[in-house]
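Have a look at the structure below before the remarks.
There are 2 protein chains.
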Amino acid sequence: MCELLGMSANVPTDIRFSFAGLARRGGGTGPHRDGWGIAFYEGRGCRAFHDPQPSADSEIAGLIRRYPIKSRTVIAHVRRANRGRVALENTHPFLRELWGRPFAFAHNGQLKGAKRLPLGAYRPIGTTDSEHAFAFMLHRLRSRYEREPAPATLDRRIAEIVAELAPMGVLNLLLSDGRTLYAFADKRLSYLTREAPFGKATLVDEDLQVDFARETTPDDVVTVIATRPLTRDETWTTIPPRTLIAFRDGRVASTYAAA
Amino acid sequence: MCELLGMSANVPTDIRFSFAGLARRGGGTGPHRDGWGIAFYEGRGCRAFHDPQPSADSEIAGLIRRYPIKSRTVIAHVRRANRGRVALENTHPFLRELWGRPFAFAHNGQLKGAKRLPLGAYRPIGTTDSEHAFAFMLHRLRSRYEREPAPATLDRRIAEIVAELAPMGVLNLLLSDGRTLYAFADKRLSYLTREAPFGKATLVDEDLQVDFARETTPDDVVTVIATRPLTRDETWTTIPPRTLIAFRDGRVASTYAAA
Numbered sequence: 062m063c064e065l066l067g068m069s070a071n072v073p074t075d076i077r078f079s080f081a082g083l084a085r086r087g088g089g090t091g092p093h094r095d096g097w098g099i100a101f102y103e104g105r106g107c108r109a110f111h112d113p114q115p116s117a118d119s120e121i122a123g124l125i126r127r128y129p130i131k132s133r134t135v136i137a138h139v140r141r142a143n144r145g146r147v148a149l150e151n152t153h154p155f156l157r158e159l160w161g162r163p164f165a166f167a168h169n170g171q172l173k174g175a176k177r178l179p180l181g182a183y184r185p186i187g188t189t190d191s192e193h194a195f196a197f198m199l200h201r202l203r204s205r206y207e208r209e210p211a212p213a214t215l216d217r218r219i220a221e222i223v224a225e226l227a228p229m230g231v232l233n234l235l236l237s238d239g240r241t242l243y244a245f246a247d248k249r250l251s252y253l254t255r256e257a258p259f260g261k262a263t264l265v266d267e268d269l270q271v272d273f274a275r276e277t278t279p280d281d282v283v284t285v286i287a288t289r290p291l292t293r294d295e296t297w298t299t300i301p302p303r304t305l306i307a308f309r310d311g312r313v314a315s316t317y318a319a320a
Numbered sequence: 062m063c064e065l066l067g068m069s070a071n072v073p074t075d076i077r078f079s080f081a082g083l084a085r086r087g088g089g090t091g092p093h094r095d096g097w098g099i100a101f102y103e104g105r106g107c108r109a110f111h112d113p114q115p116s117a118d119s120e121i122a123g124l125i126r127r128y129p130i131k132s133r134t135v136i137a138h139v140r141r142a143n144r145g146r147v148a149l150e151n152t153h154p155f156l157r158e159l160w161g162r163p164f165a166f167a168h169n170g171q172l173k174g175a176k177r178l179p180l181g182a183y184r185p186i187g188t189t190d191s192e193h194a195f196a197f198m199l200h201r202l203r204s205r206y207e208r209e210p211a212p213a214t215l216d217r218r219i220a221e222i223v224a225e226l227a228p229m230g231v232l233n234l235l236l237s238d239g240r241t242l243y244a245f246a247d248k249r250l251s252y253l254t255r256e257a258p259f260g261k262a263t264l265v266d267e268d269l270q271v272d273f274a275r276e277t278t279p280d281d282v283v284t285v286i287a288t289r290p291l292t293r294d295e296t297w298t299t300i301p302p303r304t305l306i307a308f309r310d311g312r313v314a315s316t317y318a319a320a
């Protein structure tokens, strides 16, 4: 199993606090020693950092923990390999361009038969079932829409595609095109929306506390999504099994329960 | 104008010495303040670092200068914007998947009419003529070959595509699929092959010297390609105008002069 971390916000927001908690699970407080990665959207662009080293002692993870990259949409992942050897090309999040947007994808779980899914123009670079599933999703989207559809249309279509994949195994995923952050929970994924009045929060995995009242403005809305709650003094909401939530600007934009 | 840096080697090699020289040109000894990026191939994978900040004072560039990522193929770029605003999505090298390989591309120059080139399945994320030209090249390759051709075949086809683009303006480029590093010089691009017996080298842009005899084994072959020679005590070869050189394992694999 792997751990996922996502963020959707209405203003560019520093994710270092949450990332510190996730990074500790990559070989520190957790068994996820097989690499990690993080993708930050900034404007139309996306930059990603990938490392096959455990995040708990990765120099690049150290940089991310110190360097305040501000983003409205973030996807991060720490890996415990099951399918696909420990290698850079098997490190999530995976990135591909569709409709002139950088799509990012991270997955926790295993899918049986993923490698037999049709992929169209996309070819996996690594050997994970996750990257195959991502290529399949993009192929399905590209086949249906030549250009980017309206966000609500895309939400519905992604819910349909995820419902095709879900019966194949365990599927906890984060997907984004930079406008919307999609979270699908199979077994476990929780989220938390921070907005005014902001309070304090303490990490579960590290002795680190932040007073968000000092870090934010009253209009900020920031949702954090994680495999397991990252803080011990806030109330996290569990995403119901087999449910897709589309987050935009830090808020739930739509919810689809798979049949 | 921008500055390019490439490396092709027969063993995973640390590029920090050359990168230190390039990074100084990004707002330090050079005027290229509009961002920088670097792509490292490792196995089948590729990791890239992009930053719209000047490389001379970028924290991420600082990390790259300290952190020994070893790679056989590297493409780096420091940018001085002409087309396309200063933004993450306009920062080279650009990356796209083709035939299950991560292709990376960096360009120095301007191309007239690049935005009218046919792109097929690829869509630019940013607004540079460079990313358009890259998408065009991948589209041409994909249209001709459903699967990856043999390296020599690919060399020849890339020479043909580059010859189509060259008359549109100024085209100095580095392109790689992780196996081969392609360098096309319009006006200025030089390279240097280091092999046994290794000696010392001193950067032009920074008071930094390396004794490669202490950093290498006798079988290492490492070619570095740069817009302007990076060292003051080695003999660099200027790539002839309108010539494509394909480097594999640190050596020249083929050379094509555009008509």
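Protein chains in written order, with the working numbering: chain A, 62 to 320; chain C, 62 to 320.
Idealized CB from N, CA, C, for every residue including glycine.
Residue i touches chain A at which residues, Cβ-Cβ below 9 angstroms?
{"i": "C/Pro322", "result": "As shown, chain C starts at 62 and ends at 320. That puts residue 322 of chain C outside it, with no answer to give."}
Closer than 9 angstroms by beta-carbon distance: list the chain C residues that pair up with residue i, in chain order.
{"i": "A/Leu124", "result": "Glu120, Ile121, Gly123, Leu124, Tyr128"}
For a contact meaning CB atoms closer than 8 angstroms, what does residue i contact in chain A?
{"i": "C/Pro185", "result": "Gly161"}
Name the chain A residues that come within less than 7 angstroms of residue i, Cβ to Cβ?
{"i": "C/Ala148", "result": "Gly104, Gly106"}
Is it buried or exposed, residue i, if we count other Cβ atoms within 10 angstroms and call 16 or more buried?
{"i": "C/Glu192", "result": "buried"}
{"i": "C/Arg293", "result": "exposed"}
{"i": "C/Ser204", "result": "exposed"}
{"i": "A/Ala257", "result": "exposed"}
{"i": "A/Gly170", "result": "buried"}
{"i": "C/Thr152", "result": "buried"}
{"i": "A/Glu207", "result": "exposed"}
{"i": "C/Pro154", "result": "buried"}
{"i": "C/Asp190", "result": "buried"}
{"i": "C/Glu150", "result": "buried"}
{"i": "A/Ala287", "result": "buried"}
{"i": "A/Gly67", "result": "buried"}
{"i": "C/Ala262", "result": "buried"}
{"i": "C/Gly311", "result": "buried"}
{"i": "C/Arg255", "result": "buried"}
{"i": "A/Asp280", "result": "exposed"}
{"i": "C/Arg146", "result": "exposed"}
{"i": "A/Arg140", "result": "buried"}
Taking a contact to mean a Cβ-Cβ separation below 8 angstroms, would you say residue i touches residue j in this structure?
{"i": "C/Trp297", "j": "C/Ser237", "result": "no"}
{"i": "A/Arg105", "j": "C/Ile186", "result": "yes"}
{"i": "A/Ala175", "j": "A/Met229", "result": "yes"}
{"i": "C/Ala246", "j": "C/Asn233", "result": "yes"}
{"i": "C/Asp112", "j": "C/Gly96", "result": "yes"}
{"i": "C/Val135", "j": "C/Ile99", "result": "yes"}
{"i": "A/Leu291", "j": "A/Val313", "result": "no"}
{"i": "C/Ala307", "j": "C/Thr214", "result": "no"}
{"i": "C/Tyr183", "j": "A/Glu158", "result": "yes"}
{"i": "A/Gly239", "j": "A/Arg162", "result": "yes"}
Pick out whichever of the options has its Cα sitting closest to the Cα of residue i.
{"i": "A/Thr74", "options": "A/Ala109, A/Pro154, A/Ala211, A/Thr278", "result": "A/Thr278"}
{"i": "C/Pro129", "options": "C/Arg312, C/Ile76, C/Arg240, C/Leu253", "result": "C/Ile76"}
{"i": "C/Leu178", "options": "C/Thr214, C/Leu291, C/Thr304, C/Phe197", "result": "C/Phe197"}
{"i": "A/Pro212", "options": "A/Met68, A/Ser79, A/Ser315", "result": "A/Ser315"}
{"i": "A/Val49", "options": "A/Gly82, A/Asn71, A/Arg289", "result": "With chain A covering only 62 through 320, there is no way to say anything about residue 49 of chain A."}
{"i": "C/Ala165", "options": "C/Gly89, C/Glu103, C/Thr188", "result": "C/Glu103"}
{"i": "C/Phe195", "options": "C/Lys173, C/Pro210, C/Leu156", "result": "C/Leu156"}
{"i": "C/Arg126", "options": "C/Leu269, C/Leu159, C/His200, C/Thr188", "result": "C/Leu269"}
{"i": "A/Thr284", "options": "A/Arg85, A/Ser132, A/Pro302, A/Arg140", "result": "A/Ser132"}
{"i": "A/Cys107", "options": "A/Ala84, A/Ala137, A/Ile121, A/Arg289", "result": "A/Ala137"}
{"i": "C/Leu65", "options": "C/Arg249, C/Leu124, C/Thr241", "result": "C/Arg249"}
{"i": "A/Gly88", "options": "A/Cys63, A/Leu253, A/Ala307, A/Gly145", "result": "A/Cys63"}
{"i": "A/Phe259", "options": "A/Phe273, A/Leu215, A/Ser69", "result": "A/Phe273"}
{"i": "A/Ser69", "options": "A/Leu235, A/Asn143, A/Ile300", "result": "A/Leu235"}
{"i": "C/Ile222", "options": "C/Leu199, C/Val231, C/Arg240, C/Thr241", "result": "C/Leu199"}
{"i": "A/His93", "options": "A/Leu202, A/Gln114, A/Ser79, A/Phe80", "result": "A/Gln114"}
{"i": "C/Leu226", "options": "C/His168, C/Pro301, C/Leu242", "result": "C/His168"}
{"i": "C/Ile300", "options": "C/Arg141, C/Arg146, C/Tyr243, C/Pro210", "result": "C/Tyr243"}
{"i": "C/Ala84", "options": "C/Ala109, C/Ala148, C/Gly123", "result": "C/Gly123"}
* **chain A contacts from the segment 153 to 181 of chain C (Cβ-Cβ distance under 7 angstroms)** => Arg157, Glu158, Trp160, Gly161, Arg162, Pro163
* Identify each residue in the segment 99 to 111 of chain C for which the Cβ-Cβ distance to at least one residue of chain A is less than 8 angstroms, and report them in chain order. => Glu103, Gly104, Arg105, Gly106, Cys107, Arg108, Ala109, Phe110, His111
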